[in-house]
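Chains as they are written, first to last, in the UniProt record's numbering: chain E, 1 to 236; chain R, 1 to 465.
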């Protein structure tokens, strides 16, 4: 655990010392701010829900940017060998990196609280709906970070990792739409694996245990896959 | 060799993890009731009646909500609720459709307006209209949403095997199922089979006729037809009469006899209301409601009905076999013009409809619900037929009023009552241009710029240092 935390700290330093992360943050707040303003200025209602649909789309672009460096940078600089031969296990390394990514994700979500703060100065907000919606954003982002982390274990090139991450997220995003083109039962079956679709309950104020467990197990799957990909490099 | 085994192990392990994930997700998805509704009014906690209905549902019910994408909150509240139904039973499915995007689907269900929610089971449909789900609430700035009641009712009426056949009487200038097409399709979407009936041709009222509709007759009945209708009423038959203005109606004897057999009298006076009418036309009356199952909901929901050119009715004291309850009545300041023939023969001016000495004094009753001695519904008589025409039916609560009347006549047993949710209106804000500008600049300009500045600073310091 100590090692995991040490790696997470190192990663967080990397995040906050790298100008790329700030560009990603700026991009995130620019797009979400634009959506927020457009929505609020047009509808002129104190309604938090339309925001989240747009936020989710922003994640699709920002999260691969934030995660593409995580492992691929080590592979490119050859520092992965140092890591892989260090006393820390691969599991600890991956978990540490993921922890850092989740903390960044948490900050993104916390930063977005500025929008309900602006709204609340104009009228009361539905508090449970708002907090559950932010929880849904955090869980969705954390799941997407896990996909991004896995993508970054696949290539030594940041750009390739970023594009792979984006492509994977896009496929996971489109699962629900793919279902639409099939037939109702297909949509139903595929829909339960939709990372975006799983936010619906939380965003209307309903806390469904199966949604929470879905995100947790989804994250676990991609962490295991990331560990397996790195393990493979160790034998070579 | 060793690497090969390790590689296979990794693949197997990865596949196993993905497999477990899929199984776990499907399993968790199949669990019902693992959720907590944290909304203020518990608006996604379904009532026991709905839950029981959904548990019993064993045939697929598909719902198509035709909504305007710009409607926002309204369509969201409906789909959110439909989704809760779906969670309880996979046989209940729904989709939201923009009729502009799928015109063929809109054509198939004969959709003529946004907010039509079509419930379909085995090819049978029942429509619920979004605007009928909302009413103003008790508190200021609040509204009520009766979606659950209407949706559950819709499914129950589709799953019930009872078939109701009703007949529209023809041959005396009445509205037929063809020219009252909106009314007919409303009835059909409530599960009724609608047929036309010409008594001169058929010489009998069919055995499957549960209710005989007489909508705005223009001529009197023949003696033979009168006997048939009266016998039908004496037996198990039920009547739904909507009288329309007609020339020479003061000479009608046989229609009067039919009405008398259910204890109602046609006063033959055109109601004029100066106090409560639509768009200041004293002949387009917005009547007050009497206390009755048919009208209670409408008055609770503050839904008005509009009667263009209504005739006054009265109870027929001579008939002790039936009890007539007034459903609609005018204010005391209304009066009934008795010179109908004269009024029909010319273009009306304000002078023509002024109160005269011979006119009937208000308040006037405009509709009755008639029960027999055993308290069973027997007839609904309305002093207006025009409100059932295609143009008027969808106005205000007209459709609800007439469908409630038909439902009451048919003694619909599967009626459910679920208390509507009361919710606060979305807070509307009036932003000044300056406020709007500062929100836009703050969120799109200042916040991202701060991050860029911080990033630039770090880049510069790292380069320098």
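Yeah, the Cβ is synthetic: ideal placement off N, Cα and C, and Gly gets one too. Computed from a prediction, not measured in an experiment: that's the story for all the values here.
Nearest-angstrom Cβ-Cβ length linking residue i and residue j, presumed shorter than 8 Å
i, j, result
"residue 77 (chain R)", "residue 147 (chain R)", "7 Å"
"residue 362 (chain R)", "residue 335 (chain R)", "5 Å"
"residue 242 (chain R)", "residue 384 (chain R)", "6 Å"
"residue 32 (chain E)", "residue 54 (chain E)", "7 Å"
"residue 145 (chain E)", "residue 196 (chain E)", "At roughly 15 Å, the Cβ-Cβ gap does not stay under 8 Å, so residue 145 (chain E) and residue 196 (chain E) are not in contact."
"residue 44 (chain E)", "residue 431 (chain R)", "6 Å"
"residue 154 (chain E)", "residue 222 (chain E)", "Between residue 222 (chain E) and residue 154 (chain E) the Cβ distance is about 12 Å, and since that is not below 8 Å, they are no contact."
"residue 141 (chain E)", "residue 11 (chain E)", "Wrong, their Cβ atoms sit about 16 Å apart, outside the cutoff."
"residue 364 (chain R)", "residue 329 (chain R)", "6 Å"
Partners in chain R for residue i, counting only beta-carbon separations shorter than 7 Å
i, result
"residue 96 (chain E)", "Chain R residues near residue 96 (chain E): none, gap ~20 Å exceeds 7 Å."
"residue 208 (chain E)", "34 and 35"
"residue 231 (chain E)", "10"
"residue 118 (chain E)", "439"
"residue 221 (chain E)", "17, 18 and 21"
"residue 147 (chain E)", "Correct list: empty, because the minimum Cβ distance to chain R is about 13 Å."
Amino acids of chain R, ordered along the chain, whose beta-carbon sits closer than 8 Å to that of residue i
i, result
"residue 224 (chain E)", "13, 14 and 17"
"residue 84 (chain E)", "By Cβ distance, chain R contributes nothing, its closest Cβ being about 14 Å from residue 84 (chain E), past 8 Å."
Helix, strand or coil at residue i according to DSSP, with G and I counted as helix
i, result
"residue 177 (chain R)", "coil"
"residue 163 (chain E)", "helix"
"residue 377 (chain R)", "strand"
"residue 365 (chain R)", "strand"
"residue 122 (chain E)", "coil"
"residue 196 (chain R)", "strand"
"residue 354 (chain R)", "coil"
"residue 282 (chain R)", "coil"
"residue 121 (chain R)", "strand"
"residue 308 (chain R)", "strand"
"residue 252 (chain R)", "coil"
"residue 48 (chain R)", "helix"
"residue 31 (chain E)", "helix"
"residue 91 (chain R)", "coil"
"residue 57 (chain R)", "coil"
"residue 292 (chain R)", "coil"
"residue 156 (chain E)", "coil"
"residue 10 (chain E)", "helix"
"residue 29 (chain R)", "helix"
Interface residues of chain E facing residue i [CB-CB closer than 8 Å]
i, result
"residue 8 (chain R)", "Chain E residues near residue 8 (chain R): none, gap ~11 Å exceeds 8 Å."
"residue 172 (chain R)", "Within 8 Å Cβ-Cβ: nothing; residue 172 (chain R) doesn't reach chain E, min ~48 Å."
"residue 91 (chain R)", "Per Cβ cutoff of 8 Å: no residues; residue 91 (chain R) is ~11 Å from chain E at best."
"residue 98 (chain R)", "Neighbours of residue 98 (chain R) on chain E: none; closest Cβ ~14 Å, over 8 Å."
"residue 102 (chain R)", "Correct list: empty, because the minimum Cβ distance to chain E is about 12 Å."
Per-residue contacts from residue i into chain E (C-beta, under 9 Å)
i, result
"residue 144 (chain R)", "Those do not exist, as residue 144 (chain R) stays about 17 Å from chain E at its closest Cβ, beyond 9 Å."
Interface residues of chain R facing residue i [CB-CB closer than 9 Å]
i, result
"residue 138 (chain E)", "The contacting residues do not exist; residue 138 (chain E) stays about 16 Å from chain R at best."
"residue 80 (chain E)", "None at all; the shortest Cβ gap to chain R is about 17 Å."
"residue 217 (chain E)", "20, 21, 24, 25 and 28"
"residue 42 (chain E)", "None at all; the shortest Cβ gap to chain R is about 10 Å."
Under 7 Å by beta carbon: chain E residues contacting residue i
i, result
"residue 29 (chain R)", "192 and 210"
"residue 69 (chain R)", "The contacting residues do not exist; residue 69 (chain R) stays about 12 Å from chain E at best."
Residue i Cβ short of 8 Å to the ligand ATP heavy atom set
i, result
"residue 131 (chain R)", "By its list of ligands, the structure shown contains no ligand whatsoever, and the ligand ATP lies outside what it can speak to."
### Task
Examine the Cβ distances between the segment 107-118 of chain E and the segment 133-153 of chain E and report whether three or more of them are shorter than 8 Å.
yes
### Query
Listed from N- to C-terminal order along the chain, which residues in the segment 51-67 of chain R have their beta-carbon within a distance smaller than 8 Å of any beta-carbon of chain E?
62
### Task
Below 9 Å between beta carbons is the criterion; list the residues of the segment 365-389 of chain R that meet it against any residue of chain E, in chain order.
none
### Residues in the segment 419-435 of chain R having any Cβ partner in chain E nearer than 8 Å
426, 427, 428, 429, 430 and 431
### Within 7 Å of chain R by C-beta, residues of the segment 20-38 of chain E in sequence order
22, 23, 25, 26, 29, 30, 33, 34, 36 and 37
### Task
Quick one: which residues of the segment 150-174 of chain E get their C-beta closer than 7 Å to a C-beta of chain R? List them in chain order.
Flagged: no residues at all.
### Query
Which residues, taken in chain order from the segment 108-140 of chain R, show a beta carbon closer than 8 Å to some beta carbon of chain E?
none
#### Entry: Contact list for the segment 453-465 of chain R against chain E, Cβ threshold 8 Å
454, 455, 456, 458, 459 and 462
### Task
Mind checking the segment 256-290 of chain R against chain E and listing, in chain order, the residues whose C-beta falls within less than 9 Å of any C-beta there?
Those would be none; no residue qualifies.
### Query
Pairing CB atoms from the segment 95-115 of chain R with CB atoms from the segment 47-56 of chain R, are three or more of them under 8 Å?
For the pair of segments examined, the segment 95-115 of chain R was found not to touch the segment 47-56 of chain R: the number of CB pairs separated by less than 8 Å stays below three.
### Query
Can we say the segment 203-215 of chain R touches the segment 167-174 of chain R, given the rule of at least three CB pairs closer than 8 Å?
yes
### Task
Answer yes if the segment 297-315 of chain R comes into contact with the segment 344-356 of chain R, meaning at least three C-beta pairs across the two stretches below 8 Å, and no otherwise.
At 8 Å Cβ cutoff, the stretches do not touch.
### Query
Got a sec: which bits of the segment 51-79 of chain E sit with their beta carbon under 7 Å from any beta carbon on chain R, in order along the chain?
Taking a C-beta cut-off of 7 Å against chain R, none of the residues of the segment 51-79 of chain E qualify.
### Task
May I ask you to list, following chain order, the residues of the segment 101-114 of chain E that have a beta carbon less than 9 Å from some beta carbon of chain R?
111 and 114
### Query
Quick check: the segment 397-411 of chain R against the segment 262-277 of chain R, are there 3 or more CB pairs under 8 Å?
no
#### Entry: Contact the segment 153-163 of chain E vs the segment 197-215 of chain E: 3+ CB pairs below 8 Å
no
### Message
Below 8 Å, how does it come out for the segment 312-322 of chain R and the segment 253-266 of chain R: are there three or more Cβ pairs, yes or no?
### Response
yes
### Residues of the segment 145-168 of chain R with Cβ closer than 8 Å to any Cβ of chain E, in chain order
none
### Message
Is it the case that the segment 219-226 of chain R contacts the segment 155-165 of chain R, given that we only count it when at least three CB pairs across the two stretches are under 8 Å?
### Response
Output reads no: the segment 219-226 of chain R does not touch the segment 155-165 of chain R.
### Query
Okay, do the segment 20-35 of chain E and the segment 438-452 of chain R touch, 3+ Cβ pairs below 8 Å being the bar?
yes
### Task
Determine which residues of the segment 6-21 of chain E have a Cβ less than 9 Å from any Cβ of chain R, and write them out in chain order.
16, 17, 18, 19, 20 and 21
### Query
Can we say the segment 344-351 of chain R touches the segment 285-293 of chain R, given the rule of at least three CB pairs closer than 8 Å?
no
### Query
Is it a yes or a no for the segment 28-42 of chain R touching the segment 59-70 of chain R, going by three-plus beta-carbon pairs under 8 Å?
No, because fewer than three Cβ pairs between the segment 28-42 of chain R and the segment 59-70 of chain R fall closer than 8 Å, the two stretches do not touch.
### Query
Does the segment 80-98 of chain R touch the segment 452-462 of chain R, meaning 3 or more C-beta pairs lie closer than 8 Å?
no
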